[in-house]
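**Student:** Starting off with a structure, shown below.
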Amino acid sequence: MGIFEEEYPSLSSYFRAIILFGRNSASYKFSLAQSLIELASQQENTFFPLEELSIPFSKHMIEHLKLTDKQTTARSSKFLDGCRNYIRGILPYQQMLQLTKKHAFEVVLDAFHQVNGKTIPIQFFEVVHKNRKRGIILTDHVYQLFESDNAINFPYEIEARWRLVETAWSLNIAPSLLVMNYDHHSGEFYINKDNKRKNVTSSRDALNGYQKGKCFYCFNDISIEPGSEILADVDHFFPHILQAHLDIDLNGVWNLVLACPSCNRGENGKFANIPASKYLDRLHKRNSFFIESHHPLRETLINQTGETNKQRIDFLRNINKRALDIITTTWKSEIEFEPSF
Numbered sequence: 001m002g003i004f005e006e007e008y009p010s011l012s013s014y015f016r017a018i019i020l021f022g023r024n025s026a027s028y029k030f031s032l033a034q035s036l037i038e039l040a041s042q043q044e045n046t047f048f049p050l051e052e053l054s055i056p057f058s059k060h061m062i063e064h065l066k067l068t069d070k071q072t073t074a075r076s077s078k079f080l081d082g083c084r085n086y087i088r089g090i091l092p093y094q095q096m097l098q099l100t101k102k103h104a105f106e107v108v109l110d111a112f113h114q115v116n117g118k119t120i121p122i123q124f125f126e127v128v129h130k131n132r133k134r135g136i137i138l139t140d141h142v143y144q145l146f147e148s149d150n151a152i153n154f155p156y157e158i159e160a161r162w163r164l165v166e167t168a169w170s171l172n173i174a175p176s177l178l179v180m181n182y183d184h185h186s187g188e189f190y191i192n193k194d195n196k197r198k199n200v201t202s203s204r205d206a207l208n209g210y211q212k213g214k215c216f217y218c219f220n221d222i223s224i225e226p227g228s229e230i231l232a233d234v235d236h237f238f239p240h241i242l243q244a245h246l247d248i249d250l251n252g253v254w255n256l257v258l259a260c261p262s263c264n265r266g267e268n269g270k271f272a273n274i275p276a277s278k279y280l281d282r283l284h285k286r287n288s289f290f291i292e293s294h295h296p297l298r299e300t301l302i303n304q305t306g307e308t309n310k311q312r313i314d315f316l317r318n319i320n321k322r323a324l325d326i327i328t329t330t331w332k333s334e335i336e337f338e339p340s341f
């Protein structure tokens, strides 16, 4: 069974599918997702007219326009132009909100729940008219979602996906063609542009959605919130200590997984051992999933591991054999919870 294939997908899986696989012709779905998180915290309300939805929606979009001006593949957008003019100080705030209400929600509300051309079977909100006002009603699903243990990770995951997509657009390339580098010391993914380094997003935030907030090895809960007691470690599947002996970049995305502190460096943890073969299979499935889903890290993974599935399998087998010739000890987690991916 592949990653994200569940007999009964969880609410978290559905929400992540929207963020990770929903259509990416504009970044509106990311702004809407962040807005839903804010609105769901207002327990006294379930109906939000477009006037109210426009406030958090425009706020998140403006924050990203300040980082990267290109937020759509379309040639023009009255909504985005309004946000830009507000940033420049030539459009008053209330007028910007009016433009948001009028133009921002023409497509995104109906498209939000669509993944790979199909509407998912649950809805996090419904579009309604109430007291002659168009708006959204949050469903029980969205409140249940944001009460889950994973909820604290969602803003970081949305932000990471948004940064990857907008960075690709700013370079005038498809997100799946973005070539990403990893800084072992800062934990950041970055690109090289015009011989200059540009940080894009946290590696934790970018990887967590595909592990569903679970440790790669034992499937225990992990967090990507700074300061959390269960903050995930970014682990080199093949230990970084091997870098001096191998001619392969072990800082590559292909070799990075998120692990709980216990598995990575706790008592009887992995440390500099080589993971057991079942984890190698899991790593291949994870990397294949990135590639087949046209994730923004796709091109990076292909460049690092091979163009075909056979080449990628041979690549991992070769690295594993060479690693075991140097570090002869293998490791597996003493405890493993129910598989999540």
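Residue 1 is where the sequence shown starts when you use full-length UniProt numbering, and the numbers rise one by one after that. Idealized CB from N, CA, C, for every residue including glycine. Here the structure is a predicted model, which is why all the values come from computation and not from measurement.
1) Report yes if the CB atom of Phe-219 is closer than 8 Å to the CB atom of Glu-338, and no otherwise.
2) In three-state DSSP terms, what is Thr-68?
3) Taking the alpha-carbon of Lys-332 as reference, which of Ala-272, His-184, Gln-71, Ile-291 has the nearest alpha-carbon?
4) Only counting runs of 4 or more residues, tell me where the alpha helix (DSSP H) segments fall wholly within the segment 64-136, in order along the chain.
5) Whole angstroms are fine: how far does the CA of Ala-244 sit from the CA of Leu-324?
6) Let me know if Ile-335 comes out buried or exposed under the rule of 16 or more other beta-carbons within 10 Å of its beta-carbon.
7) Output the distance between the C-alpha atoms of Thr-329 and Ser-31, rounded to the nearest integer angstrom.
8) When the Cα of Arg-322 is compared with those of His-60, Asn-251, Leu-207, Leu-242, which residue comes out closest?
9) If contacts are defined as beta-carbon pairs under 8 Å, then Val-234 and Gly-306 qualify, I think. What distance do you get, rounded to the angstrom?
10) Could you tell me which residues DSSP puts in a beta bridge with Ile-191?
11) Note down, one range per segment and in chain order, each beta strand (DSSP E) of at least 3 residues found wholly within the segment 209-250.
12) Kindly give me the distance between the Cβ atoms of Thr-68 and Thr-167, rounded to whole angstroms, as I take these residues to be in contact under 8 Å.
13) Just to check my reading of the structure: Ile-224 and Asp-205 have Cβ atoms closer than 8 Å, yes? What is that Cβ distance to the nearest angstrom?
14) Is the CB-CB distance between Leu-97 and Ser-58 below 8 Å?
15) So, with DSSP's three-state summary, where would you put Ile-37?
16) Are the Cβ atoms of Val-179 and Thr-300 separated by less than 8 Å?
17) Which residues in the same chain have their Cβ closer than 8 Å to the Cβ of Ser-293, if we skip the five residues on either side of it in sequence?
18) Buried or exposed: Asn-24, going by 16 or more other Cβ atoms within 10 Å of its Cβ?
19) Compare the C-alpha of Phe-154 against each of Gly-135, Leu-297, Gly-213 and name the closest.
20) To the nearest angstrom, report how far apart Lys-310 and His-284 are at their CA atoms.
21) Taking C-alpha atoms, which residue in Gly-209, Tyr-156, Asp-194 lies nearest to Leu-171?
22) Buried or exposed, going by whether 16 or more other CB atoms sit within 10 Å of the CB of Glu-52?
23) Given a cut-off of 8 Å, decide if Arg-312 and Ser-288 are closer than it, judged by their beta-carbon atoms.
24) Using DSSP bridges, identify the partner residues of Ala-259.
25) Report buried or exposed for Met-1, applying the criterion of at least 16 other Cβ atoms within 10 angstroms of its Cβ.
26) Between the alpha carbons of Pro-261 and Leu-231, how many angstroms are there, rounded?
27) Report all residues from its chain with a CB closer than 7 Å to the CB of Ile-37; omit the five preceding and five following residues, and keep chain order.
28) In angstroms with no decimal places, state the Cα-to-Cα distance between Ile-3 and Arg-88.
29) Have a look at the DSSP bridge pairing and note the partners of Ala-26.
30) Can you tell me whether Thr-46 is helix, strand or coil according to DSSP?
**Tutor:** Once the coordinates are examined:
1) Yes, the Cβ-Cβ distance between Phe-219 and Glu-338 is below 8 Å.
2) In the structure shown, Thr-68 sits in coil (DSSP, three-state: anything other than H, G, I, E or B).
3) Proximity to Lys-332 across Ala-272, His-184, Gln-71, Ile-291 peaks at Ala-272, based on C-alpha coordinates.
4) Listed in chain order, the alpha helix (DSSP H) elements of length 4 or more contained wholly in the segment 64-136 are 78-88, 93-103, 108-111.
5) Their Cα atoms are separated by approximately 15 Å.
6) Taking every protein chain shown into account, the CB of Ile-335 has fewer than 16 other CB atoms within 10 angstroms, so this residue is exposed.
7) The straight-line gap from Cα to Cα measures roughly 47 Å.
8) The residue with the shortest Cα to Cα distance from Arg-322 is Leu-242.
9) Incorrect: roughly 23 Å between the Cβ atoms, too far for contact.
10) Beta-bridge pairing links Ile-191 to Lys-198.
11) Taken in chain order, the complete beta strand (DSSP E) segments of 3 or more residues contained in the segment 209-250 are 233-236.
12) Confirmed, Cβ separation roughly 7 Å.
13) Contact holds; Cβ gap of about 6 Å.
14) Closer than 8 Å, so yes.
15) Ile-37 carries a helical assignment under DSSP once its states are collapsed to helix, strand and coil.
16) Cβ distance < 8 Å, so Val-179 and Thr-300 count as in contact.
17) Apart from the 5 residues on each side of it in sequence, Ser-293 sits with its Cβ closer than 8 Å to the Cβ of Leu-20, Phe-21 in its chain, given in chain order.
18) It counts as buried.
19) The shortest C-alpha separation from Phe-154 is found at Gly-213.
20) Lys-310 and His-284: Cα-Cα distance of roughly 11 Å.
21) Comparing Cα-Cα distances from Leu-171 to each of Gly-209, Tyr-156, Asp-194, the minimum goes to Asp-194.
22) Buried, since its Cβ has 16 or more Cβ neighbours within 10 Å.
23) Judged by beta-carbon spacing, Arg-312 lies within the 8 Å limit of Ser-288, meaning their Cβ atoms are closer than that value.
24) In DSSP, Ala-259 forms a bridge with Asp-233.
25) Low confidence applies to Met-1: its pLDDT is 36, below 50, so where it sits in the model is not reliable, and the reading given next is rough at best. Around the beta-carbon of Met-1, fewer than 16 other beta-carbon atoms lie within 10 Å, marking it exposed.
26) The straight-line gap from Cα to Cα measures roughly 8 Å.
27) Exclusion of the five residues before and after Ile-37 leaves Phe-146, Phe-154, Pro-155 as the residues of its chain whose Cβ lies within less than 7 Å of its Cβ.
28) Below a pLDDT of 50, predicted positions are generally treated as unreliable, and Ile-3, at 36, falls in that range; the measurement from the model is reported next regardless. Each residue's alpha carbon lies about 44 Å from the other.
29) DSSP output for Ala-26 lists Thr-72 as bridge partner(s).
30) Here Thr-46 sits in coil by DSSP.
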